[in-house]
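Engineer: My questions all concern the structure below.
Residue numbers (full-length UniProt numbering): 1 to 166.
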């Protein structure tokens with residue numbers, strides 16, 4: 001039973017020892033411990049703030065990267081549209097140029113054909129005229145074997161020439 005009921009002297013010395021230990025701890029130990037706990041708490045809060053700031057920066061960077069990607073996509077679409085319109089314009093210009101050159105060559109061929117046709121007609125007329133003169137010469141020789149007939153024919157031709165010129 002002695003263990004359950006401490007004596008007054010023991011109780012006094014235990015309280016005095018506890019008071020001294022408590023005083024020493026309160027004077028030297030608790031401030032160091034509370035300072036370390038406060039420093040640790042400040043470090044944790046600072047780390048949390050830094051993590052929040054890093055999260056915010058990451059979200060901002062993500063938004064910026066999405067905006068840059070959207071801008072790049074828009075620019076890509078614009079470039080593709082420009083390239084397509086340029087391609088269509090070049091094709092159209094090439095077709096127009098080919099048509100113009102084809103029409104030019106066709107016109108040149110028509111002119112050349114017309115010139116060759118005119119040259120052929122002139123050549124045919126010249127040959128017909130020569131044939132006519134040859135035939136007429138042969139016919140007249142056969143008909144005008146007599147010198148009097150030749151003179152009568154010459155006079156008639158001179159008269160006809162004079163009348164047609166008047």
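Note that beta-carbon positions come from the ideal geometry of N, C-alpha and C, so glycine has one too.
Once DSSP output is grouped into helix, strand and coil, what is the label at residue 39?
Structural biologist: One-based indexing of the chain shown puts residue 39 at position 39. If DSSP states are grouped into helix, strand and coil, residue 39 belongs with the helices.
Engineer: Excluding five sequence neighbours on each side, which residues of the same chain lie with their C-beta closer than 8 Å to the C-beta of residue 23?
Structural biologist: Sequence index remark: in the chain shown, residue 23 carries index 23 (1-based). For residue 23, where only same-chain residues beyond five positions count, there are no Cβ hits under 8 Å.
Engineer: In three-state DSSP terms, what is residue 88?
Structural biologist: Taking the first residue of the chain shown as 1, we reach residue 88 at position 88. Three-state DSSP puts residue 88 in a helix.
Engineer: Starting from residue 29, follow the alpha helix (DSSP H) in both directions and report where the run begins and ends.
Structural biologist: Along the chain shown, read from residue 1 onward, the residue named residue 29 stands at position 29. First-last for residue 29: undefined, no H or E at that position.
Engineer: I need the boundaries of the alpha helix (DSSP H) containing residue 10, first residue and last residue.
Structural biologist: Translated into positions along the chain shown, residue 10 becomes position 10. It spans 8-24 - the alpha helix (DSSP H) in which residue 10 sits, taken as one unbroken run.
Engineer: Between which residues of its own chain and residue 11 is the CB-CB distance below 6 Å, once the five residues before and five after are set aside?
Structural biologist: Taking the chain shown and counting its residues from 1, one reaches residue 11 at position 11. Here the set comprises nothing.
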